[in-house]
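Counting in this note's numbering, the sequence shown runs from 24 upward without gaps. Cβ coordinates follow ideal geometry from the N, Cα and C atoms, glycine included. Keep in mind that this is a model prediction, so the values were computed, not measured. Single-structure report; data block below.
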Amino acid sequence: MRSKRSAKRVEAMKGRLTGAVACLILFVSIAAAQTYPTRQITLVVPFAPGGPADFLGRLIGQKMSEELGQQIVVDNRPGANTIIGAQAVAKAAPDGYTLLMAIDGTLVMNPFLYSKLAYDPFKDFAPISVIALVPSAVVGNIKIPIDSIKELVDREKAKPGTFQIGISTPTSQVNVG
Numbered sequence: 024m025r026s027k028r029s030a031k032r033v034e035a036m037k038g039r040l041t042g043a044v045a046c047l048i049l050f051v052s053i054a055a056a057q058t059y060p061t062r063q064i065t066l067v068v069p070f071a072p073g074g075p076a077d078f079l080g081r082l083i084g085q086k087m088s089e090e091l092g093q094q095i096v097v098d099n100r101p102g103a104n105t106i107i108g109a110q111a112v113a114k115a116a117p118d119g120y121t122l123l124m125a126i127d128g129t130l131v132m133n134p135f136l137y138s139k140l141a142y143d144p145f146k147d148f149a150p151i152s153v154i155a156l157v158p159s160a161v162v163g164n165i166k167i168p169i170d171s172i173k174e175l176v177d178r179e180k181a182k183p184g185t186f187q188i189g190i191s192t193p194t195s196q197v198n199v200g
């Protein structure tokens, strides 16, 4: 009696084990079929061709292509303070095949500068990687006797309109005020 019961248990365990292995094989084959990338990736660079941002985008695209084994197409979409390129990516299918080379202005400054953007940097984009950190420096005419930012601010407050400032990022956004 005991041997019949044991034999039934063994057969039941074999059936369960076979079912589990079949499910595992099914799930592994489904996961293997979902490898990324399976086609070319578009990297939108929201600046004109030929500039520093374009150069960086093409360099990144080349390295990504080598690492991923797929073609990376750099698509320059300049204009409107990077908004045109960002909108194109925000409207693209969210499948990982259209990426944006964004800068701080695209994601941080534009929402404050423009009341109606066609994209929301917090809902439409997910960070992937930091690709460059760019140091900045404040310089002035050597003939002006100022030794610190505080002195510059104090002097401008005392006599508004004395100084002009130009700020240029490596990706060519320029503000003058």
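Checklist entry - Based on the DSSP secondary-structure assignment, which residues constitute the bridge partners of D98? => result For D98, which the question treats as bridged, DSSP gives the partners V67.
Next on the checklist: Taking its Cβ as the centre, do 16 or more other Cβ atoms sit within 10 Å of F78, making it buried, or is it exposed?
Outcome noted: Within 10 angstroms of the beta-carbon of F78 lie fewer than 16 other beta-carbons, which makes it exposed.
Checklist entry - Of the choices Q187, V131, T61, K31, whose alpha-carbon is the least far from that of G119? => result Of the candidates Q187, V131, T61, K31, the residue whose Cα lies closest to the Cα of G119 is T61.
Checklist entry - By how many angstroms is the C-alpha of Q63 removed from the C-alpha of Q187? => result Inter-residue distance for Q187 and Q63 is about 46 Å (C-alpha atoms, whole angstroms).
Checklist entry - Leaving out the 5 sequence neighbours to the left and right, which residues in its chain are closer than 7 Å to P134 when beta-carbon positions are compared? => result Here P134 has L140, P144 as same chain residues with Cβ atoms under 7 Å from its own Cβ, once five neighbours each way along the sequence are excluded.
Item to check | Touching by the beta-carbon criterion (3+ pairs, under 8 Å), the region 126-133 and the region 92-111 | outcome: The answer is yes - the region 92-111 touches the region 126-133, with three or more Cβ pairs under 8 Å.
Item to check | beta strand (DSSP E) segments (min. 3 residues) lying fully within the region 100-147 | outcome: If you keep only unbroken beta strand (DSSP E) runs of at least 3 residues inside the region 100-147, you get 121-123.
Next on the checklist: Please report the straight-line C-alpha distance between G184 and A113, rounded to a whole angstrom.
Outcome noted: Taking the straight line from one Cα to the other gives about 40 Å.
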